[in-house]
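There are 2 protein chains.
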Amino acid sequence: MQKPSLPKGTRDFGPLQMARRNFILDTIKDTFQLFGYNQIETPAMENLSTLTGKYGDEGDQLLFKILNSGDFLKNVGPEDLQNGANATLSKVSEKGLRYDLTVPFARFVVMNRNELTFPFKRFQIQPVWRADRPQKGRYREFYQCDADVVGTDSLVCEAEIVLMIRRVFSKLNIADYDIKINNRKILTGISEVIGEAGKEGPLCVAIDKLDKIGWEKVQEELAQRDFQNESIQKLSPLINFTGGVQEKLDFLKNFLASSEVGLQGVEELKDTFGILQAMGEDLSHVELDMVLARGLSYYTGAIFEVKVNHVSIGSVSGGGRYDNLTGVFGMDGVSGVGFSFGVDRIYDVMEELNIFPQSTAQGTQVLLTHFDQKGYRYALSILTRLRSAGIVSEIYPDQAKMKKQLDYASKNQIQFAAICGDQEIESQTIALKNLETGVQENLGVEDAIKTVLEFIPQKG
Amino acid sequence: MQKPSLPKGTRDFGPLQMARRNFILDTIKDTFQLFGYNQIETPAMENLSTLTGKYGDEGDQLLFKILNSGDFLKNVGPEDLQNGANATLSKVSEKGLRYDLTVPFARFVVMNRNELTFPFKRFQIQPVWRADRPQKGRYREFYQCDADVVGTDSLVCEAEIVLMIRRVFSKLNIADYDIKINNRKILTGISEVIGEAGKEGPLCVAIDKLDKIGWEKVQEELAQRDFQNESIQKLSPLINFTGGVQEKLDFLKNFLASSEVGLQGVEELKDTFGILQAMGEDLSHVELDMVLARGLSYYTGAIFEVKVNHVSIGSVSGGGRYDNLTGVFGMDGVSGVGFSFGVDRIYDVMEELNIFPQSTAQGTQVLLTHFDQKGYRYALSILTRLRSAGIVSEIYPDQAKMKKQLDYASKNQIQFAAICGDQEIESQTIALKNLETGVQENLGVEDAIKTVLEFIPQKG
Chain Y
12 MQKPSLPKGT RDFGPLQMAR RNFILDTIKD TFQLFGYNQI ETPAMENLST LTGKYGDEGD
72 QLLFKILNSG DFLKNVGPED LQNGANATLS KVSEKGLRYD LTVPFARFVV MNRNELTFPF
132 KRFQIQPVWR ADRPQKGRYR EFYQCDADVV GTDSLVCEAE IVLMIRRVFS KLNIADYDIK
192 INNRKILTGI SEVIGEAGKE GPLCVAIDKL DKIGWEKVQE ELAQRDFQNE SIQKLSPLIN
252 FTGGVQEKLD FLKNFLASSE VGLQGVEELK DTFGILQAMG EDLSHVELDM VLARGLSYYT
312 GAIFEVKVNH VSIGSVSGGG RYDNLTGVFG MDGVSGVGFS FGVDRIYDVM EELNIFPQST
372 AQGTQVLLTH FDQKGYRYAL SILTRLRSAG IVSEIYPDQA KMKKQLDYAS KNQIQFAAIC
432 GDQEIESQTI ALKNLETGVQ ENLGVEDAIK TVLEFIPQKG
Chain F
12 MQKPSLPKGT RDFGPLQMAR RNFILDTIKD TFQLFGYNQI ETPAMENLST LTGKYGDEGD
72 QLLFKILNSG DFLKNVGPED LQNGANATLS KVSEKGLRYD LTVPFARFVV MNRNELTFPF
132 KRFQIQPVWR ADRPQKGRYR EFYQCDADVV GTDSLVCEAE IVLMIRRVFS KLNIADYDIK
192 INNRKILTGI SEVIGEAGKE GPLCVAIDKL DKIGWEKVQE ELAQRDFQNE SIQKLSPLIN
252 FTGGVQEKLD FLKNFLASSE VGLQGVEELK DTFGILQAMG EDLSHVELDM VLARGLSYYT
312 GAIFEVKVNH VSIGSVSGGG RYDNLTGVFG MDGVSGVGFS FGVDRIYDVM EELNIFPQST
372 AQGTQVLLTH FDQKGYRYAL SILTRLRSAG IVSEIYPDQA KMKKQLDYAS KNQIQFAAIC
432 GDQEIESQTI ALKNLETGVQ ENLGVEDAIK TVLEFIPQKG
């Protein structure tokens, strides 16, 4: 008999994990909806022609491919065995698993361009799959939660991203975090004014390591990447600058004075903050990070990253503005802005901070218990009344010792046991025992319902 | 430039479809939870060793297999090209996509046997994949919603399945349906008393066609399947019997008098109905179908099927009791009972009956509109107040003609437009226009909030 196992890098989620994950996902979903985003879903499988070439060579390797149905070898000949896997792939597979939610969304927009009303605000919460080497915190199947607006350049979208992040984190009770924000145009401007126009790519790769390796080492790396010494020195004031959002905006206005695109980036950030102000919102948790880059090739305007402080996993959310989401599918001019919550990371952060609310652990609230067939019948008569009152309840289904029934309740973290014995039947009551405090009361059913509802939020 | 497409048999779900699907899924989920079921999730990918051999030869062919990562050809030689796809499969693939939720659940129970408390009540709502030939109403990716209790023989589980089905259908406003119920032991008993012991399989296959081809043809088919003429004639009273649940139970008691197992099946049904009665519940929508079979080889006790009347798709839910869920993974003695809602079918039924509530179409409830930059700023100042009141609201993000803004609202089925012009700014009001009725009122923000909340359920 085989001993079953899970494919590496994949996970089951049991009841407690699911309750906690749902708490996070429902909070995110609720926030997206309040801001007018509409949910869509796309299939797990996409044609390989949709997926390949969108994530770089490394990404193509990490795609999970589906073997063609039926005789998958029918087009494969001996010469293919010589040519190798990459050359033969298209003969045995034409579908792959979704690698992210962005490319499927772009495909969706293109295929539904005539039915959609722009600007189109969508969110999408679905798993993605990557054949990455599994390691702690990195899985081969994980959920992404993306929200994007396409078909508008309005900076109100950027401002609302800040607001949505703050709402989600506030509801999740995560207090100590920074929303780092920057603009691709500022990065372009920086490379211009230091005399290395067009090299914002390598510039950002190097500067990204500032926290880890320090300014000395970053300078060495820049030199290795053919940055002139003079250019590197010009960066110094930027690297060493400290201050709040307003000071940084003032600094950048000076620093980027000779770069038109750079100043435009500063202006966009200023306008975004202005919109927040017009909405009666402050800049709490917002940090202007003048060298934040994140997937630079992709973004053309605002860039976001959210870091939770004092936890081992830092970055839990990110995104930015792009100019041409759907160009690769032949539909130009669709700009937009989007971002993504990393659910698995938020889960780990909340576990580390031990801030999951007690109530997320709760399934059943009342277990009806009984000593014999008569008590069982009596308990059955009460069950429907509890449920009609919105109380999640069940009856212990078998005839068993009371200890076993109470064990079942405590292992399942059920708060109340309602004991149905001869005395209770006679007086038409139940003995309601709070398994947390040990307090037991004899109550009529209506009073018992009131007591339970006072303790715990109702459902249904 | 490529024109993107979807793999055949798969679908995107846009905003309206998602809202409707969520209405169905949330109703089912809410009901499962009220009855004390806990949600779990398992990975999309399972090892092929977990999946193969569980669904028959045909099922094995319909599994979607994942190509091994990296050089998937490395173990394939010229001789494999001779041997063909089936023989070579294990050299290029070791994982497949989930085909149903039952086998992954069995694997989950076995792998977590030491952590779980039995009886274990779980529900699971996830997509499954089958390489079936796509046709109307049959997809290659579709959702299953399963609830199972394992580790108890108690018939309270069967009774609660009836109650959960009735609750879900009542909340979905599906009124005309039958919960057909039978018991495998009755089918065994029937084959015994007609003198064809052990042949309930072919018996049920033939009788299953009764509605379609009539009793004459069924008799022909039974004869072809080597049933004695005398046996077939003994079936006649059963086939021709009409009556309510109680009459059928009485009839079966007589008909199966010589079959111990048959009488046991009758007793189980009687007890199940007795439990419903003890719970203060009636037998509405319950129909005892003495020849209902459904996946016979699998079930050992109760068998359920739900049919909606007067619609093209009939069967929308089914399930039953099984004796040995996990035996195939080396863990014996885990009996249980489960059933499954077919979400796609329920969706189609509700669409055909045109009973989706209007409110499920609703995303954004209020769109703030504006004529110029000044109005835009004013609208921004109101947006947060609307959202804080739980009203799903957005601002039209760009400067655009009022007609375009109102078009956006009506295409997105937004009920209210809040127009922010010079007059409104001066009087600190908004012109709240109900886009359904055309009625427009000038209101202070607090009054506008009240008006909107009276019309539509709040969120957030």
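Chains as they are written, first to last, in our numbering: chain Y, 12 to 471; chain F, 12 to 471.
Note that beta-carbon positions come from the ideal geometry of N, C-alpha and C, so glycine has one too.
Find out if the Cβ-Cβ distance for the pair residue i, residue j is shorter than 8 Å.
i      : j      : result
F/I393 : F/V456 : yes
Y/R195 : Y/I314 : yes
F/Q146 : F/S351 : no
Y/P54  : F/T21  : yes
F/E105 : F/N49  : no
Y/L303 : Y/V277 : no
F/G25  : Y/N123 : yes
F/A420 : F/L443 : no
F/L472 : F/E211 : In the structure as shown, chain F begins at 12 and stops at 471. Residue 472 of chain F is therefore absent and cannot be evaluated.
F/M290 : F/A170 : yes
Y/V339 : Y/V360 : no
F/L287 : F/V160 : no
F/I406 : Y/V167 : yes
Y/F131 : Y/V114 : no
Y/I366 : Y/N184 : yes
Y/F262 : Y/G254 : yes
F/I436 : F/L378 : no
F/C431 : F/T380 : yes
F/D143 : F/L62  : no
F/I205 : F/L267 : no
Y/R178 : Y/T42  : yes
In the DSSP assignment, what are the bridge partners of residue i?
i      : result
F/D159 : F/R133 and F/G349
F/G107 : F/E57 and F/K76
F/P15  : The partner list for F/P15 (beta bridge, DSSP) is empty, contrary to what the question assumes.
F/T380 : F/I430
F/P138 : F/Y154
Y/F83  : For Y/F83, which the question treats as bridged, DSSP gives no partner whatsoever.
Y/A34  : A small fix is needed here, since residue 34 of chain Y is Phe in this sequence, not Ala. Beta-bridge pairing links Y/F34 to no other residue.
F/F24  : Y/E52
Y/Q146 : Y/R149
Along the chain, where does the beta strand (DSSP E) that runs through residue i open and close?
i      : result
F/D189 : Y188 to N194
Y/R177 : Y/R177 -> not in any beta strand (DSSP E); alpha helix (DSSP H) instead, spanning V167 to K182.
Y/L299 : V297 to L299
F/S328 : S326 to Y333
From what residue to what residue does the alpha helix (DSSP H) around residue i run?
i      : result
Y/L464 : V456 to F466
F/V317 : Per DSSP, F/V317 belongs to no alpha helix (DSSP H); it is in the beta strand (DSSP E), A313 to V319.
Y/V360 : V354 to L364
F/L92  : P89 to N94
Y/V114 : T113 to M122
Notebook entry, point to check: Can you list, in chain order, the stretches of the alpha helix (DSSP H) that have 4 or more residues and sit fully within the stretch 204-287 of chain Y?
Noted result: 211-218, 221-235, 240-251 and 256-266
Checklist line | Interface residues of the stretch 66-82 of chain Y facing chain F [CB-CB below 7 Å] | finding: F75, K76, I77, L78, S80 and D82
Check: Of all the alpha helix (DSSP H) runs that stay within the bounds of the stretch 382-454 of chain F, which reach a length of 4 or more residues?
Finding: 384-399, 413-422 and 433-438
Note to self: At 3 residues or longer, what runs of the beta strand (DSSP E) sit wholly inside the stretch 40-74 of chain Y?
What the structure shows: 56-58
Checklist line | Where the stretch 17-32 of chain F meets chain Y: residues whose CB sits under 7 Å from a CB there | finding: L17, P18, T21, R22, D23, F24, G25, P26 and M29
Notebook entry, point to check: At a Cβ cut of 7 Å, what residues of the stretch 396-414 of chain Y count as close to chain F, listed as they run along the chain?
Noted result: R398, V403, S404, E405, I406, P408 and D409
Check: Any residues in the stretch 286-311 of chain Y with a beta carbon nearer than 8 Å to a beta carbon of chain F? Which ones, in chain order?
Finding: I286, A289, M290, G291 and E292
Margin query: What are the residues in the stretch 322-356 of chain Y lying within 7 Å of chain F by C-beta distance?
Written below: F340 and G341
Check: Going along the stretch 140-164 of chain F in order, which residues come within less than 8 Å of chain Y, judged by CB to CB distance?
Finding: W140, A142, R151, E152, V160, T163 and D164
Checklist line | Interface positions of the stretch 106-120 of chain F facing chain Y (Cβ-Cβ less than 7 Å), listed along the chain | finding: So the close ones are K106, R118 and F119.
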